[in-house]
Amino acid sequence: MSTSWPEARRIAAGAAIPLPVTRVPLAEACGAVLAESLSALVDLPPFATSAMDGWAVAGPGPWKVTGQVLAGQESSRIADGEAVEIATGARMPSGAEAVLRRERGFVDPHERLHVGEGEDPHSRPAVPAPQRRYGESAAGSVTTRALRGTELGLPIGTDIRPQGQESRRGETMLSTGTRVTPAVLGLAAAAGYDDLPVHEPPRVTLLVIGDELAASGLPDGARVRDALGPMFGAWLAQLGVRTTLARVADDAGDLLAAVASSPADLVITTGGTARGPVDHVHRVLSELGARLLVDGVAVRPGHPMLLAQHGGTRHHRRFVAGLPGNPLAAVAGFVTLVRPLLRRLSGLDGGGAGAAASHFLPLGDAVRTHPTDTRLVPVSVTDACAAPLRFTGPAMLRGLALADGLAVVPPGGGVVALGAGQRVEVLAV
Ligand SMILES: Nc1nc2c(c(=O)[nH]1)N[C@H]1C(S)=C(S)[C@@H](COP(=O)(O)OP(=O)(O)OC[C@H]3O[C@@H](n4cnc5c(N)ncnc54)[C@H](O)[C@@H]3O)O[C@H]1N2
Ligand code: MOO
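So the sequence shown is numbered by the numbering used here: it starts at 512 and just counts up by one.
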């Protein structure tokens with residue numbers, strides 16, 4: 512009895528429990544999923560810094576320039592009427608109230624800093640003046656009042672990055688269940704982390720079944736190239752999964768040994784799910800005493816897909832996902848069963864950038880429905896519409912290779928097509 516497509520997806524997501532938590536150095540954390548929320552270990556920035564190269568000033572100008580402070584240096588307090596030359600990112604001296612950008616001020620021959628541009632070419636700033644000068648209105652005319660006003664003092668806080676502007680110490684910046692991306696690593700480092708608590712990445716054994724499959728070279732005689740090993744190997748790596756690939760002959764004993772000896776959290780098989788003379792997946796699962804959670808799904812392509820649980824313990828479950836051999840059918844099995852299961856094992860809970868595996872879009876063209884089964888249709892996304900592609904038979908990958916996603920077309924019942932403009936879920940591929 513086949514399971515409906517939405518139910519199969521729910522069963523796969525609900526079957527797994529997140530893998531144990533471990534702390535790993537930042538250099539090893541990319542792709543894993545945060546097992547705790549990420550809070551700042553310090554204020555960010557940890558101290559007030561200059562946002563620009565120029566001068567840190569205190570009180571009204573003109574100012575006496577008393578020294579220089581570079582990024583990474585400490586500086587002493589400045590008093591009203593004083594300034595220090597300052598570099599972007601340098602710690603603001605105490606007493607300083609604002610930063611005057613280099614291109615908006617000049618130092619006269621008596622070491623006094625003014626707002627504006629100096630008359631003496633030697634006193635001009637090294638950096639060319641911008642087209643619109645400080646105190647100039649957006650319309651382009653310099654108003655004397657604005658210039659005189661700025662000479663009196665810059666608005667307090669000008670071009671200063673205040674301490675804690677981005678985050679206060681202890682503030683939660685990312686929630687548990689966020690995928691660690693390069694940006695997350697950068698943020699974690701800035702916030703003071705050397706290692707991160709993450710879920711162990713799932714381990715997968717990918718068993719590509721079929722005597723007819725060649726691993727390299729041109730297909731010859733009655734053999735074809737294995738398309739699924741390269742495709743799923745790369746896809747699993749993108750999901751942060753450690754994968755071992757093995758090719759298995761159409762032999763029940765070989766398959767049984769390969770599944771039984773795998774230490775992985777999830778064994779994925781491809782091929783051998785139907786009822787042909789050498790389709791051994793069901794028999795092998797039965798010999799292993801595996802419990803079938805999903806045995807056939809009302810979806811096109813991919814209806815022979817299955818999911819089973821075998822061995823493992825109460826706290827560490829182990830699974831077998833049987834994907835059909837037809838390549839696009841195998842992809843349907845991957846997005847329906849494998850990806851939801853792996854997301855849950857990894858500890859993903861839907862938070863964070865790039866976490867969404869699907870979104871909703873209007874169809875660019877009408878799509879035929881299946882009376883009783885969900886259809887997964889390769890689509891390209893143009894002008895925020897999902898446009899169905901050609902070359903999308905179950906044995907084909909040409910359409911999928913151009914696709915941005917798979918549109919989920921629910922069973923039609925009596926309705927033969929979904930019209931253009933109807934909104935559908937689009938699964939990322
Ligand atoms: N009598 C029936 N026959 C079939 C049915 C059915 O309901 N009744 N379902 C068909 C459907 S739908 C599918 S999908 C396939 C599923 O078959 P299997 O999972 O048993 O897969 P195989 O028979 O091993 O292979 C099918 C097809 O796919 C090619 N293949 C397999 N692995 C790869 C690979 N790694 N790379 C490229 N191509 C691969 C294989 O050569 C076959 O052409 O069953 C239908 N039959
Ligand atoms: O499930 Mo088969 O999916 O139609 O190719």
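All C-beta atoms in this analysis are idealised placements derived from N, C-alpha and C, irrespective of residue type, glycine included.
According to DSSP, residues forming a beta bridge with residue i
i	result
Ala567	Val595 and Val610
Cys541	None; Cys541 has no bridge partner.
Ser515	Ala809
Pro673	Pro673 pairs with nothing; no bridge assigned.
Pro536	Asp706
His625	Phe617
Val926	Paired residues: none, contrary to the question.
Arg934	Pro873
Leu552	DSSP output for Leu552 lists no bridge partner at all.
Leu917	Pro889 and Leu938
Gln944	One cannot answer for residue 944 here, as it falls past the ends of the chain, which runs 512 to 940.
Ser678	Leu555
Residue i versus the options, residue with shortest Cα-Cα distance
i	options	result
Pro604	Leu581, Ser513 and Gly751	Leu581
Arg714	Leu747, Ala738 and Gly923	Leu747
Thr885	Glu614, Leu917, Lys575 and Asp722	Leu917
Glu593	Leu552, Asp706 and Trp566	Trp566
Asp860	Gly570, Ala546, Pro517 and Asp765	Ala546
Leu852	Ile528, Trp516, Gly675 and Glu518	Ile528
Ser686	Ala694, Leu696 and Ser550	Ser550
Gly552	Asp705, Arg602, Thr847 and Trp574	Reading off the sequence, residue 552 comes out as Leu, not Gly. Minimum Cα distance to Leu552 is reached at Asp705.
Gly800	Leu611, Ala914 and Leu767	Leu767
Thr533	Val709, Leu665, Val626 and His793	Val709
Pro889	Gly688, Thr903 and Met742	Thr903
Met907	Pro812, Asp876 and Pro517	Pro812
Tyr854	Pro838, Val789, Val752 and Val576	Per the sequence shown, the amino acid found at residue 854 is Arg instead of Tyr. When each option's Cα is compared against that of Arg854, the closest is Val752.
Val842	Glu518, Leu911, Val805 and Asp806	Leu911
Ala523	Thr847, Leu717 and Ser515	Thr847
Val568	Gly606, Gly583 and Pro536	Gly606
Val792	Gly732, His827, Ala775 and Leu718	Leu718
Leu834	Gln820, Gly807 and Gly822	Gly807
Val919	Gly572, Pro873 and Gly787	Pro873
Ala868	Leu750, Pro741 and Pro905	Leu750
Ala694	Arg794, Leu624, Gly542 and Thr669	Gly542
Arg850	Phe743, Leu707, Val618 and Gly923	Phe743
Thr683	Ser548, Gly875 and Ala519	Ser548
Pro531	Val831, His826 and Glu596	His826
Buried or exposed (CB count within 10 angstroms, at least 16 for buried), residue i
i	result
Phe845	buried
Ala771	exposed
Tyr645	Residue placement at Tyr645 is flagged as unreliable, the pLDDT there being 36, under the threshold of 50; the coordinate-derived value follows with that caveat. Buried.
Ser797	exposed
Arg802	exposed
Ser587	exposed
Arg901	exposed
His870	exposed
Thr824	exposed
Asp894	exposed
Thr883	exposed
Glu585	exposed
Ser678	buried
Ala526	buried
Val544	buried
Ile671	buried
Asp737	buried
Nearest-angstrom Cα separation, counted from residue j out to residue i
i	j	result
Leu729	Val735	8 Å
Gly681	Met563	28 Å
His881	Pro921	8 Å
Pro673	Ala559	4 Å
Arg521	Leu777	17 Å
Ile720	Met816	14 Å
Glu723	Thr780	15 Å
Pro557	Gly675	6 Å
Gly688	Glu711	12 Å
Ser891	Asp915	5 Å
Leu698	Ala601	20 Å
Pro774	Leu856	15 Å
Met512	Gly858	31 Å
Pro536	Leu804	37 Å
Gly732	Ala898	37 Å
Ala540	Val691	7 Å
Val926	Ala725	42 Å
Gly475	Arg794	Residue 475 is absent from the model: the chain starts at 512 and stops at 940.
C-beta neighbour in chain C for residue i, strict 8 Å
i	result
Ala801	Protein chain content of the structure displayed is limited to a single chain, and chain C is not contained in it.
Taking the runs of the beta strand (DSSP E) that are 3 residues or longer, which of them lie wholly in the stretch 750-834? Correct list: 753-759, 777-781, 802-806, 808-811, 817-820 and 830-834.
What ranges does the alpha helix (DSSP H) occupy inside the stretch 683-753, keeping only unbroken runs of at least 4 residues that lie completely in it? Qualifying alpha helix (DSSP H) stretches, in chain order: 693-701 and 739-749.
Output the residue ranges of the beta strand (DSSP E) runs that lie fully inside the stretch 867-914 and measure 3 residues or longer, sorted by chain position. Segments of the beta strand (DSSP E) lying fully in the stretch 867-914: 869-873, 885-893 and 896-899.
Length-filtered (4 minimum) alpha helix (DSSP H) runs lying within the stretch 833-857: Listed in chain order, the complete alpha helix (DSSP H) runs (minimum 4 residues) inside the stretch 833-857 are 838-844 and 850-857.
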